[in-house]
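Enquirer: When we follow the numbering used here, the leftmost residue of the sequence shown carries the number 4, and every step to the right adds one.
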Amino acid sequence: MLIPPLARAACRPGLHASTLRLHPVHHGIRVFTSSPLHRKDAHGERPKPGSQPALEATKPAANATAAKAKVAKADPLLQEQVLTNKEQRKADWAIIKEMSQYLWPKDNMGTRFRVGLSVGLLVGAKLLNVQVPFYFKSIVDAMNIDFAAVGGTATTVAGSMIIAYGLTRIGATVSQELRNAVFASVAQKAIRKVACSVYDHLLRLDLSFHLSRQTGGLTRAIDRGTKGISFLLTAMVFHIFPTALEISLVCGILTYQYGWQFALITGTTMTAYSVFTIMTTSWRTKFRKQANAADNKAATVAVDSMINYEAVKYFNNEKHEVKRYDKALQDYEKASIKVATSLAFLNSGQNIIFSSALTAMMYLAANGVATGQLTVGDLVMVNQLVFQLSVPLNFLGSMYRELRQSLLDMETLFNLQKVNVTVKDKPNAPPLVLKTGEIKFENVSFGYRPDRPIIKNLTLTIPAGKKVAIVGPSGCGKSTILRLLFRYYDPQEGRILIDGQDIRDVNLESLRRAIGVVPQDTPLFNNTIQHNIHYGNLDATQDQVIEAARRARIDETIARFPDGYNTMVGERGMMISGGEKQRLAIARLVLKDPPLLFFDEATSALDTHTEQALLSHINSLVREKKRTSVFVAHRLRTIYDSDVIIVLSEGGVAESGTHQQLIDRSGLYSELWSAQETMFVEEGEGESVEVEGEVKK
Numbered sequence: 004m005l006i007p008p009l010a011r012a013a014c015r016p017g018l019h020a021s022t023l024r025l026h027p028v029h030h031g032i033r034v035f036t037s038s039p040l041h042r043k044d045a046h047g048e049r050p051k052p053g054s055q056p057a058l059e060a061t062k063p064a065a066n067a068t069a070a071k072a073k074v075a076k077a078d079p080l081l082q083e084q085v086l087t088n089k090e091q092r093k094a095d096w097a098i099i100k101e102m103s104q105y106l107w108p109k110d111n112m113g114t115r116f117r118v119g120l121s122v123g124l125l126v127g128a129k130l131l132n133v134q135v136p137f138y139f140k141s142i143v144d145a146m147n148i149d150f151a152a153v154g155g156t157a158t159t160v161a162g163s164m165i166i167a168y169g170l171t172r173i174g175a176t177v178s179q180e181l182r183n184a185v186f187a188s189v190a191q192k193a194i195r196k197v198a199c200s201v202y203d204h205l206l207r208l209d210l211s212f213h214l215s216r217q218t219g220g221l222t223r224a225i226d227r228g229t230k231g232i233s234f235l236l237t238a239m240v241f242h243i244f245p246t247a248l249e250i251s252l253v254c255g256i257l258t259y260q261y262g263w264q265f266a267l268i269t270g271t272t273m274t275a276y277s278v279f280t281i282m283t284t285s286w287r288t289k290f291r292k293q294a295n296a297a298d299n300k301a302a303t304v305a306v307d308s309m310i311n312y313e314a315v316k317y318f319n320n321e322k323h324e325v326k327r328y329d330k331a332l333q334d335y336e337k338a339s340i341k342v343a344t345s346l347a348f349l350n351s352g353q354n355i356i357f358s359s360a361l362t363a364m365m366y367l368a369a370n371g372v373a374t375g376q377l378t379v380g381d382l383v384m385v386n387q388l389v390f391q392l393s394v395p396l397n398f399l400g401s402m403y404r405e406l407r408q409s410l411l412d413m414e415t416l417f418n419l420q421k422v423n424v425t426v427k428d429k430p431n432a433p434p435l436v437l438k439t440g441e442i443k444f445e446n447v448s449f450g451y452r453p454d455r456p457i458i459k460n461l462t463l464t465i466p467a468g469k470k471v472a473i474v475g476p477s478g479c480g481k482s483t484i485l486r487l488l489f490r491y492y493d494p495q496e497g498r499i500l501i502d503g504q505d506i507r508d509v510n511l512e513s514l515r516r517a518i519g520v521v522p523q524d525t526p527l528f529n530n531t532i533q534h535n536i537h538y539g540n541l542d543a544t545q546d547q548v549i550e551a552a553r554r555a556r557i558d559e560t561i562a563r564f565p566d567g568y569n570t571m572v573g574e575r576g577m578m579i580s581g582g583e584k585q586r587l588a589i590a591r592l593v594l595k596d597p598p599l600l601f602f603d604e605a606t607s608a609l610d611t612h613t614e615q616a617l618l619s620h621i622n623s624l625v626r627e628k629k630r631t632s633v634f635v636a637h638r639l640r641t642i643y644d645s646d647v648i649i650v651l652s653e654g655g656v657a658e659s660g661t662h663q664q665l666i667d668r669s670g671l672y673s674e675l676w677s678a679q680e681t682m683f684v685e686e687g688e689g690e691s692v693e694v695e696g697e698v699k700k
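1) If you compare alpha carbons, which of PHE444, LEU106, LEU120 and ILE256 is closest to ASN388?
2) In whole angstroms, what separates the C-alpha of LEU416 from that of ILE310?
3) Ignore the nearest five residues each way along the sequence and tell me which others in ARG287's own chain have a CB closer than 6 Å to its CB.
4) Taking GLY497 as part of the beta strand (DSSP E), name the residues at either end of that continuous run.
5) Using the three-state DSSP reduction, which class does LYS628 fall into: helix, strand or coil?
6) Does DSSP put LEU5 in a helix, a strand or coil?
7) In the DSSP output, which residue or residues are listed as bridge partners for MET571?
8) Is VAL34 helix, strand or coil by DSSP?
9) With C-beta atoms as the reference, is GLY582 less than 8 Å away from LEU624?
10) Enumerate in chain order the residues of its own chain whose CB-to-CB distance from HIS620 is below 7 Å, with the five nearest sequence positions on each side excluded.
11) Rounded C-beta distance between VAL253 and GLN104? I'm assuming under 8 Å.
12) Can you tell me whether ASP505 is helix, strand or coil according to DSSP?
13) Can the beta-carbon of TYR538 be found closer than 8 Å to that of ARG591?
14) So, at 7 Å on beta carbons, what are the nonlocal neighbours of LEU514 in its own chain, with the 5 sequence-adjacent residues on each side left out?
15) Can the beta-carbon of PRO597 be found closer than 8 Å to that of ALA517?
16) When you compare only the Cα positions, how much space is there between ASN622 and GLY654?
17) Would you call the segment 600-609 and the segment 516-532 touching, i.e. three or more CB-CB distances under 8 Å?
18) I'd like to check one pair, THR525 with ALA588: are the Cβ atoms closer than 8 Å?
19) When DSSP builds the beta bridges, which residues end up paired with GLY519?
20) With 16 as the cutoff for other CB atoms within 10 Å, does CYS479 come out buried or exposed?
21) When we look at the beta-carbon of LEU541 and count the other beta-carbons within 10 Å, is it buried (16 or more) or exposed?
22) Need the endpoints of the beta strand (DSSP E) that PHE489 sits in, please.
23) Can you tell me whether ILE648 is helix, strand or coil according to DSSP?
24) Return no unless some Cβ of chain C is closer than 8 Å to the Cβ of GLN134.
25) So ASP381 and ALA368 are supposed to be a Cβ contact under 8 Å. How far apart are they, rounded?
26) Could you tell me whether the Cβ atoms of ILE356 and TYR451 are closer together than 8 Å?
27) Where ALA167 and GLU249 are concerned, what is the direct C-alpha to C-alpha distance, given to the nearest angstrom?
28) Which one or two residues does DSSP pair with LYS470 in a beta bridge?
29) Evaluate contact between the segment 419-439 and the segment 166-180, counting only Cβ atoms and requiring at least three cross-stretch pairs below 8 Å.
30) Inspect the beta-carbon positions of SER677 and ALA472 and report whether they are closer than 8 Å.
31) Let me know the secondary structure DSSP gives PHE564 once reduced to three states.
32) Among the residues of its own chain, which have a CB less than 7 Å from the CB of ASN535, if the five just before and after it don't count?
33) For the candidate residues SER308, GLU313 and ALA338, whose alpha-carbon lies nearest to that of GLU324?
34) List the endpoints of the continuous alpha helix (DSSP H) containing SER308.
35) For ASN354, which three-state DSSP category applies?
36) Would you kindly work out how many angstroms separate the C-alpha atoms of PRO362 and GLN353, rounded to a whole number?
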């Protein structure tokens, strides 16, 4: 849910009436996700929980505003990098070059035909536009007679000119609209291709990138970038060259028909108008960046609060969140006011320059009429041509502003694609060949930050076809082992083997297809129960989905819902209980039916009865198909029957063995077991657990 569009509608100042726009203004900021921080994150580093990583400033501006610094500090994804004019021009041209391939693709003749037809319609419209003042001049001159003396009428004197005038205007308008209709599919296809390309790249980026993102601001920046694509493509074909062509034609006609004085005024006007527009627009850019940065911040605050809606309610912090959001909107309001006032200055300056030129030309034309060198029709034609020149001039100024804005917004998309994917396949990597399912960690060391290693020289073996539990104190690296095996990250040292194959040498897709995971925090889509279970295997039938739900002990619960399998689970599954979410995740895993199974606190939200029944089903599945399974658990009662229990401590293996062997050693596992049993007894939950003939209370 994105709230800030409402704020933008409320806070955006009115646009100048003379400003021509093809789409709403989106005040731009460049989002540089290929910053040094993210190159660092791509190698497996992330900030400590609750802390903010230091940002490495690249060429900081001496006059950087507090607002920009604050936004950059708030989210590294929205960090702004200051470029010199030369660097900015180079970046802009790179984007234009990239987008030009969508105008003339090598493998799509249909798109080429549409672009060619659009250009033809464009040229025709411009030629017809230039003819209009000539017909108007002829009509005025033809009508400047004594009708009573000649005995004529408007029809006989200027009828053909009037008809030609009307047909020319109609032809120019129809050509322009046909051009827009023909070109629409070109722009929309480009938007779709670029957006899909960015989305595909985002899904392939490392986990470290996504852990450091702020969804609201990033989504807003991408949204602005995709909207900028249409304007940029349209500007490249219909506005840059055609506007220059129309201005050249009008200037040439004025010079040829009326002399060097008109040419001098026209040239001076063009130069002054262009210089003033470019300089003022460059000055205004910083205000637009600030507005966009504040917009990103507001989006981030709103989305973060909505995602954590329950936390806001638990602590009665609605007013606090509203204040945070209002503060972000205040920053946006201040920047938007600067944008509006600077736009008023720009529009005023442009109108003063143009009106001065129009006044001078009309004075020269009036003198020509007074001396008999020009007719009244010539005076009207000069007025028509100059006003016709005002349209491309005004549009050129507006287009330059919007083009700069579109380039700034689109920079987000192209910089996202520059973020390196560090965890990727080697060239021609073979698929993983599973034989027995044995997993080995050999001298593995890893840390999310170099100064804080999580796993230190870890060596362990997970036997094939066995149920293995990994336990230990919080922060010892239990879940990190799963992330390394799934290749969310690569270890800094050592290697991980599956049936003797280094997982870095095999195809990543085949590796992840072989592993099924029930994570600690169950990820569910805001869709139906059917969709969320079916997501485990998109080729599965409805009967297979129902069977998976039955084996996950969730089918009876689903049957009690009014909409059954079509019940919506809500955002992140918030409309169902934690236990139901976990059982849906297990059903999804059962449907995937992978050879390697991982359960990360998979039953932590279940009641004791449901947990025992579900664990019984899971154990039967594991033993029936002899699947290698790994259970990460804090509650030792859920894993006491494992074939092997590996106890981690301080990044390494403290001890391993069966439950009884570890109890007999009186080591760390025995201490954890005793502490938990004591807690259960004190809470009145001392259910009997039988282990090898011995009853534990």
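Just so it is clear, CB atoms sit at the ideal spot from N, CA and C, and this is done for glycine as well.
Expert: This is what the structure gives:
1) Along the sequence shown, read from residue 1 onward, the residue named residue 388 stands at position 385. Reading off the sequence shown, one finds Leu at residue 388, where the question assumed Asn. Ranking the options by Cα distance to LEU388, first place goes to ILE256.
2) In the sequence shown, counting from the first residue as 1, residue 416 sits at position 413. In the sequence shown, counting from the first residue as 1, residue 310 sits at position 307. C-alpha separation (whole angstroms): 24 Å.
3) Against the sequence shown, residue 287 aligns to sequence position 284. So the list reads SER345, once near-sequence residues are dropped.
4) Taking the sequence shown and counting its residues from 1, one reaches residue 497 at position 494. For GLY497, the enclosing beta strand (DSSP E) starts and ends at 496-501.
5) Looking up residue 628 in the sequence shown gives position 625. Coil, per DSSP.
6) Position 2 of the sequence shown, counted from the start, is the residue given in the question as residue 5. Here the model assigns LEU5 a pLDDT of 38, short of 50, so the residue's position is not dependable, and the following value carries that caveat. Note: LEU5 maps to coil in three-state DSSP.
7) Locating residue 571 in the sequence shown gives position 568, counting from the first residue. Partner(s): THR531.
8) Counting from one through the sequence shown, the residue named residue 34 turns up at place 31. Low confidence applies here, because VAL34 scores a pLDDT of 34, under 50, leaving its location unreliable; read the following figure in that light. Note: VAL34 maps to coil in three-state DSSP.
9) Along the sequence shown, read from residue 1 onward, the residue named residue 582 stands at position 579. Along the sequence shown, read from residue 1 onward, the residue named residue 624 stands at position 621. Between GLY582 and LEU624, the CB-CB gap reaches or exceeds 8 Å.
10) For the purposes of this step, residue 620 is taken as the residue at position 617 of the sequence shown. ARG554 and ARG556.
11) Start at 1 with the first residue of the sequence shown, and residue 253 comes out as number 250. Start at 1 with the first residue of the sequence shown, and residue 104 comes out as number 101. In fact, because the Cβ distance is near 33 Å, the residues do not count as touching under 8 Å.
12) Numbered from its first residue, the sequence shown carries residue 505 at position 502. Here ASP505 carries a strand assignment [DSSP, helix/strand/coil].
13) Taking the sequence shown and counting its residues from 1, one reaches residue 538 at position 535. Taking the sequence shown and counting its residues from 1, one reaches residue 591 at position 588. Contact flag set, yes.
14) One-based indexing of the sequence shown puts residue 514 at position 511. Counting only Cβ-Cβ distances below 7 Å, and skipping sequence neighbours, we find LEU435, ARG490 and ILE506.
15) What you label residue 597 is simply residue 594 of the sequence shown in a count that begins at 1. What you label residue 517 is simply residue 514 of the sequence shown in a count that begins at 1. The Cβ atoms of PRO597 and ALA517 sit closer than 8 Å to each other.
16) Along the sequence shown, read from residue 1 onward, the residue named residue 622 stands at position 619. Along the sequence shown, read from residue 1 onward, the residue named residue 654 stands at position 651. C-alpha separation (whole angstroms): 28 Å.
17) Taking 8 Å as the limit for Cβ pairs, the verdict is that the segment 516-532 does touch the segment 600-609.
18) By one-based count along the sequence shown, residue 588 stands at place 585. By one-based count along the sequence shown, residue 525 stands at place 522. Their beta carbons are under 8 Å apart, which means ALA588 touches THR525 by this criterion.
19) Along the sequence shown, one-based indexing puts residue 519 at 516. BP columns for GLY519 point to LEU600.
20) As a working mapping, residue 479 is identified with position 476 in the sequence shown. By the neighbour-count rule (16 or more Cβ atoms within 10 Å), CYS479 is buried.
21) For this step, residue 541 is matched to residue 538 along the sequence shown. Within a 10 Å sphere around the beta-carbon of LEU541 sit fewer than 16 other beta-carbons, which makes this residue exposed.
22) Here residue 489 refers to the residue found at position 486 of the sequence shown. Judged by DSSP secondary structure, PHE489 falls outside any beta strand (DSSP E); it is assigned neither H nor E.
23) What you label residue 648 is simply residue 645 of the sequence shown in a count that begins at 1. Strand.
24) No chain C is present in this structure, which holds just one protein chain.
25) As a first step, residue 381 is located in the sequence shown; it is residue number 378 there, counting from the start. As a first step, residue 368 is located in the sequence shown; it is residue number 365 there, counting from the start. Sure, about 6 Å apart at Cβ, within 8 Å.
26) Along the sequence shown, read from residue 1 onward, the residue named residue 356 stands at position 353. Along the sequence shown, read from residue 1 onward, the residue named residue 451 stands at position 448. Not closer than 8 Å, so no.
27) Locating residue 167 in the sequence shown gives position 164, where the first residue counts as 1. Locating residue 249 in the sequence shown gives position 246, where the first residue counts as 1. When the Cα atoms are used, ALA167 and GLU249 turn out to be separated by approximately 20 Å.
28) Locating residue 470 in the sequence shown gives position 467, where the first residue counts as 1. Under DSSP, LYS470 forms a beta bridge with SER632.
29) Flag = no, the segment 419-439 and the segment 166-180 do not touch.
30) Residue mapping note: residue 677 aligns to position 674 of the sequence shown, counting from 1. Residue mapping note: residue 472 aligns to position 469 of the sequence shown, counting from 1. Result no, Cβ atoms of SER677 and ALA472 do not sit closer than 8 Å.
31) Taking the sequence shown and counting its residues from 1, the one referred to as residue 564 is at position 561. Residue state, collapsed to three classes: coil.
32) What you label residue 535 is simply residue 532 of the sequence shown in a count that begins at 1. When the five nearest sequence neighbours on each side are left out, the beta carbons in the same chain lying within less than 7 Å of the beta carbon of ASN535 are those of LEU527, PHE528, VAL572, LEU587 and ARG591, in order along the chain.
33) One-based indexing of the sequence shown puts residue 324 at position 321. Comparing alpha carbon positions, the residue from SER308, GLU313 and ALA338 closest to GLU324 is SER308.
34) The residue labelled residue 308 in the question sits at position 305 within the sequence shown. Here the alpha helix (DSSP H) through SER308 covers 263-310.
35) Stepping through the sequence shown from its first residue, residue 354 is reached at position 351. Helix.
36) Position 359 of the sequence shown holds residue 362. Position 350 of the sequence shown holds residue 353. Contrary to the premise, residue 362 reads as Thr rather than Pro in this sequence. Distance between THR362 and GLN353, taken at the CA atoms: about 14 Å.
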